[in-house]
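**Q** Before anything else, here's the structure in question.
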Amino acid sequence: MGEQTAPTAPTAPPPAAQAEAVPDAARPAVPDPAGPTGAKPDAAVVRDSLGVGVAVGLSGFAFGVTSVGAGLGLLQTCLLSLAVFTGASQFALVGALAAGGNPFTAAAGAFFLGTRNAFYGLRLSQLLAVPRAVRPFAAHWVIDETTAVSLAQPDRRAARIGFAVTGLTLYVLWNLTTLLGALGAEAIGDTDAWGLDAAGPAAFLALLAPMLRTATERAVALLAVVVGLGLLPVLPAGVPVLVAVLAAPAVLWAQGRRREAGKGEAR
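In structure tokens, the structure reads:
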């Protein structure tokens, strides 16, 4: 028999050859340096922003009807939507006027309700970082909906797109439907006879309800309703709304005392 030689182990290809042999689909993904890995497509941001803008913008019709029913004229109603552009404050103003409240008291209630937008602006100024020359115009669109859409985005680019599309869509639709609602209210005459006097409160509740996500927020809303309704018979119209603002610090104080009591028992 001839002499057998031991089989030799195959030599491993050099590292460069190994890299070429691995198919592209099996290689780990490399983050795109042009943006974050979890970047959201612009089309998806636009779609979501349009959905919010259209859904809320149609509520301007209810405001137009309510405002004219409260005694404001067509021009006054449209100017409110153009210049104020914050639905909750607008409904609060015309609601207080419809109840016979003093115009200054009604305006004060609407003002305090609208101060929340200032706190939104503090957060959005850091997130959006818009140029200084654009800030006065962007500030006019700082409302609940534009803030929610912007904060839901994964990066600054998407946040800017969401803010701009939501703000533009909502501003155009809100003012257009305000005009249509005011014209319709003037055409039908007495809005109370048609039951349209309930349109304002109903639309206001529709805007408010989705914001009550936590137990604290629901407690504040419930206490504010109880305080406001309880003071209606004894205070001038519009004043109960201002007093109901105290519901927020009252609930927070009660929660703080409860946490302190819990810590004391744990010790």
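In case it helps, this note's numbering puts the sequence shown at residues 610 to 876. A virtual CB, placed ideally from N, CA and C, is assigned to each residue, including glycine. Keep in mind that this is a model prediction, so the values were computed, not measured.
(1) Contact between the stretch 665-679 and the stretch 696-715 is defined here as three or more beta-carbon pairs at a separation below 8 Å; is this criterion met?
(2) Could you spell out where the alpha helix (DSSP H) holding R725 opens and where it closes?
(3) What do you get for P869, buried or exposed, if any count of 16 or more other CB atoms within 10 angstroms of its CB means buried?
(4) Quick check on N784: does DSSP put it in helix, strand or coil?
(5) If we ignore side chains and look at the alpha-carbon of each, how far apart do L821 and R827 end up?
(6) Kindly confirm or deny that the stretch 853-865 and the stretch 829-844 touch, where touching means at least three C-beta pairs closer than 8 Å.
(7) Just to confirm before moving on: does the CB-CB distance between L789 and G673 stay below 8 Å?
(8) Can you give the beta carbon distance from T756 to G669, rounded, assuming they're within the 8 Å contact cut?
(9) If I measure Cβ to Cβ from V655 and keep anything under 6 Å in the same chain, skipping five residues before and after, which residues do I get?
(10) Tell me whether P712 sits in a helix, a strand or coil according to DSSP, three-state version.
(11) How far does the alpha helix (DSSP H) with R741 in it reach, from first residue to last?
(12) Is it buried or exposed, Q699, if we count other Cβ atoms within 10 angstroms and call 16 or more buried?
(13) Identify, in the order they occur along the chain, each residue of the same chain with its Cβ nearer than 7 Å to the Cβ of V743, setting aside the five sequence neighbours on each side.
(14) When you compare each of V693, A747 and A796 to L722 by their alpha carbons, which one comes out closest?
(15) Measure how close the beta-carbons of V661 and E754 come, nearest whole angstrom, since I'm counting them as under 8 Å.
(16) Would you mind stating whether C687 and A791 have Cβ atoms separated by less than 8 Å?
(17) Write down the C-beta distance between S690 and W783 rounded to the nearest angstrom, noting that I regard them as a contact closer than 8 Å.
(18) According to DSSP, is R656 helix, strand or coil?
(19) Can you tell me which of the three DSSP states Q822 falls into?
(20) Apart from the five residues just before and just after L777, which ones in its own chain have a Cβ nearer than 6 Å to its Cβ?
(21) Residues in the same chain with beta-carbon distance under 8 Å from E612, minus the five sequence neighbours each way, listed in chain order, please.
(22) Roughly how many angstroms lie between the CA atoms of L718 and V848, to the nearest whole one?
**A** Judging by the given coordinates:
(1) yes
(2) R725 to L737
(3) The question names Pro, but residue 869 is Glu in the sequence shown. Exposed, since its Cβ has fewer than 16 Cβ neighbours within 10 Å.
(4) helix
(5) 5 Å
(6) yes
(7) yes
(8) Between G669 and T756 the Cβ distance is about 19 Å, and since that is not below 8 Å, they are no contact.
(9) V774
(10) helix
(11) Where R741 is concerned, there is no enclosing alpha helix (DSSP H), given that its DSSP letter is neither H nor E.
(12) buried
(13) none
(14) V693
(15) 5 Å
(16) yes
(17) 6 Å
(18) helix
(19) The amino acid occupying residue 822 in the given sequence is Arg; Gln does not appear at that position. Three-state DSSP puts R822 in coil, outside helix and strand.
(20) none
(21) Here the model assigns E612 a pLDDT of 46, short of 50, so the residue's position is not dependable, and the following value carries that caveat. Same-chain partners within the cutoff: there are none.
(22) In the sequence on display, residue 718 carries Gly and not Leu. One C-alpha to the other measures close to 8 Å.
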